[in-house]
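Read the structure below first, then the notes.
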Amino acid sequence: MNARWLLRVFGPRTPHGLTPQERAGFVAPTILFTLAATLLLVSIFLPYWRMTLYAPQYPNGLHLQAYVNRLEGDVREIDMLNHYIGMRKLEDAAQLERSLSIGMIVALTLIVVAAAFVHSPLTALLTLPAILFPLFFLVDLHIWMRFFGQHLNPEAPLSHAIKPFVPPVLGEGKIGQFRTVATPGEGLLLSSVATVLTIVGLFLQRMAYKPLRDRLLREAERRATEES
Numbered sequence: 030m031n032a033r034w035l036l037r038v039f040g041p042r043t044p045h046g047l048t049p050q051e052r053a054g055f056v057a058p059t060i061l062f063t064l065a066a067t068l069l070l071v072s073i074f075l076p077y078w079r080m081t082l083y084a085p086q087y088p089n090g091l092h093l094q095a096y097v098n099r100l101e102g103d104v105r106e107i108d109m110l111n112h113y114i115g116m117r118k119l120e121d122a123a124q125l126e127r128s129l130s131i132g133m134i135v136a137l138t139l140i141v142v143a144a145a146f147v148h149s150p151l152t153a154l155l156t157l158p159a160i161l162f163p164l165f166f167l168v169d170l171h172i173w174m175r176f177f178g179q180h181l182n183p184e185a186p187l188s189h190a191i192k193p194f195v196p197p198v199l200g201e202g203k204i205g206q207f208r209t210v211a212t213p214g215e216g217l218l219l220s221s222v223a224t225v226l227t228i229v230g231l232f233l234q235r236m237a238y239k240p241l242r243d244r245l246l247r248e249a250e251r252r253a254t255e256e257s
C-alpha cells in the first residue's frame, strides 16, 4: 500500500538500462525545470517593468524602473507631478508584495527544482505558482494602478482638470498633458521565458513518465489483488 501510494504521489524513478536516446527523453524535463528555476532566480536582479513619463517640463521624459522589491529612477520627480493631479506616492503601492517578493521568488525557484524530481501529476500542481507568476505581477500592477488612478485627491491643484483614469500597464497612455509609455522589463521577460520552459518541461515529463507510471501502477494493483 505504501509503495503504491508513493508511486501515485511521486511517480516512478528514472529506469536503468536505457539507450542514450531514451535517457534523453527522461533527462530533458529536469534540464528545462532547472533552467526555468535559474531564470526565475536571476529575474530578481532585473527590472520587471519600465515606465517613461513625458511632460511639458520634462521633454526627455522621466524614467521609472520597477523591480520586484523596489523602485528606481526618477521617483521623486514623478511623485511631484503626480501630486498635482492628486495621485498617491509611488512608494505607497504594493508595499506588502514588495516586502515578500524576494522570499516568494526564491521559494518558487526551489519548488520548481524539487518538481523536477516528482514524476506524477503533482508536478503540475507544484509548478503552477511559478507558471502564473508573470501574470500575477501584471494583474497586481494593474490593480494598484487602477486604484491610484481612480482615487485622486480632490484637493490637488489640477484635480478639476483630471478625471479618474486607469493607467495602462503596457503601452501608451495619456493623462492630461502627461504621456506615459510602459514596457515589460528584463526580469518580467525572463520569468515569462521560465513559464514557457516549465510548461514544455511538464509536457515532456508527462510523455516520458506517464506510460511508465501507469504500467507500474497496474502491476502493483495486480500484485495486491493476487496477495489478497
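Heads up: take any position in the sequence shown, counting from 1, add 29, and you land on the numbering used here. In this text, a Cβ means the ideal position worked out from N, Cα and C, and glycines have one as well.
- Partner residues in the beta bridge of residue 95, as assigned by DSSP, are 78, 100.
- Excluding the 5 residues flanking it on each side, residue 78 has same chain C-beta neighbours closer than 6 Å at 95, 214, in chain order.
- Sixteen is the threshold: when 16 or more other Cβ atoms of the shown chains lie within 10 Å of the Cβ of residue 162, as they do, the residue is buried.
- Across the structure, residue 241 and residue 135 are spaced so that their CA atoms are roughly 32 Å apart.
- In this structure, residue 159 lies near residue 141, with their beta-carbon atoms less than 8 Å apart.
- As computed with DSSP, residue 250 is found in no beta bridge at all.
- Residue 98 and residue 130 have their alpha carbons spaced roughly 6 Å apart.
- Annotated three-state conformation of residue 184 is coil, per DSSP.
- Look at residue 42 here: in three-state DSSP terms it is coil, with no helix or strand label.
- Closest in alpha carbon position to residue 184, among 84, 248, 111, 87, is 111.
- Under DSSP, residue 208 takes part in a beta bridge, and its partners are 83, 203.
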